[in-house]
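The block underneath contains the structure these notes are about, expressed in structure tokens.
Residue numbers (this note's numbering): 161 to 521.
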């Protein structure tokens with residue numbers, strides 16, 4: 161049953177998509193991957209292909225847990241929206257009111273920075289500030305003071321400046337507002353009510369999943385994928401990149417995004433979180449998508465793509481050894497999530513071929 165005012169889409173050719181998914185993984189030698197397709201309030205197909213770890217016999221299934229990387233940002237924005245709805249936070253609240261130890265080179269800029277700017281990737285400072293220190297395994301307590309020397313690029317809310325460390329200040333902001341642990345709140349307010357049975361946060365959650373995919377990397381496209389150790393660096397910024405989940409979990413997440421779990425997520429919150437805020441010019445040149453996109457923006461924890469007369473809400477993610485993407489059309493009531501255990505360009509081919517068929521049949 162479609163949500164009120166929305167149109168049910170015709171189902172894509174799922175058999176052809178499944179075959180193409182397997183083919184694209186094989187073409188790039190990707191060890192394994194999983195996907196889920198939802199229509200309205202139901203999962204209409206979910207499948208796994210390949211292996212959880214190269215040279216081991218365990219197959220990927222729809223229940224296999226992967227790292228979501230930056231897809232985690234969609235969950236952070238939703239948890240913040242739940243806290244705003246309860247009056248614990250406000251979108252226009254200065255981040256320094258909750259995290260007073262944060263500062264920038266221009267104190268006025270820091271004071272003007274609101275929670276909505278954090279989650280809307282419009283803080284107005286150099287993009288990906290201090291991701292290099294995350295990559296170097298620096299703890300957050302040593303990274304945060306470095307922002308005191310960061311200069312402004314534009315006023316908050318005026319330009320797109322993608323962040324991981326800064327985005328994740330929503331974690332202490334929420335924790336201090338309600339006196340609860342961020343990870344526990346996600347479990348209680350999102351994962352459990354949406355029946356995301358295998359979803360977790362952090363390295364310990366990943367390791368606790370017996371049916372989990374291993375990461376794979378390669379130093380050149382001419383070389384085969386090889387298994388690597390899980391890199392814990394981006395688990396330090398849980399709102400930005402700390403969630404683990406299976407394809408079936410993301411199916412439940414997408415059903416909620418399509419408006420079918422109003423008792424957990426108010427449809428008005430969905431509309432607010434996906435309101436376009438800053439234009440993302442660079443996305444118009446994204447590999448595989450450039451001939452599809454007419455416009456692109458960032459909302460709050462979600463990207464917004466305009467393709468002809470249609471709007472697509474999505475987010476992709478990448479950490480060492482994993483890539484992921486979730487996307488949905490609210491109007492057409494279709495959603496897709498893809499999880500792969502290698503840093504492969506096959507992700508773009510899989511997702512764009514699917515959406516080309518759905519949006520441009």
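No residue lacks a Cβ here, since even glycine has one placed at the ideal position from N, Cα and C.
| Check | Outcome |
| --- | --- |
| How about residue 330 and residue 278: are their beta carbons less than 8 Å apart? | yes |
| Kindly indicate which three-state DSSP category residue 432 falls into: helix, strand or coil? | helix |
| Does the ligand FAD have even one heavy atom less than 7 Å from the beta-carbon of residue 308? | As presented, the structure is devoid of all ligands, the ligand FAD included, so that no description of it is given. |
| Which of helix, strand or coil does DSSP assign to residue 339? | coil |
| Which residues bound the alpha helix (DSSP H) around residue 404? | Element bounds for residue 404: not the alpha helix (DSSP H) but the beta strand (DSSP E), 403 to 406. |
| If we ignore side chains and look at the alpha-carbon of each, how far apart do residue 308 and residue 495 end up? | 41 Å |
| Give me the residue from 202, 380, 406 with the minimum Cα distance to residue 228. | 406 |
| Answer yes if the stretch 244 to 252 comes into contact with the stretch 439 to 454, meaning at least three C-beta pairs across the two stretches below 8 Å, and no otherwise. | no |
| Residues in its own chain within less than 6 Å of residue 184 by CB, not counting five upstream and five downstream? | 506, 509, 510 |
| Quick check on the DSSP output: the alpha helix (DSSP H) that includes residue 366 runs from which residue to which? | 362 to 368 |
| Got a sec, what are the start and stop residues for the alpha helix (DSSP H) residue 269 sits in? | 267 to 272 |
| Check for me: the alpha helix (DSSP H) holding residue 183 runs from which residue to which? | 174 to 187 |
| How about residue 288 and residue 322: are their beta carbons less than 8 Å apart? | yes |
| Let's see if you can read the secondary structure: which residues bound the alpha helix (DSSP H) around residue 512? | 506 to 519 |
| Measuring CB to CB, does residue 266 end up less than 8 Å from residue 297? | no |
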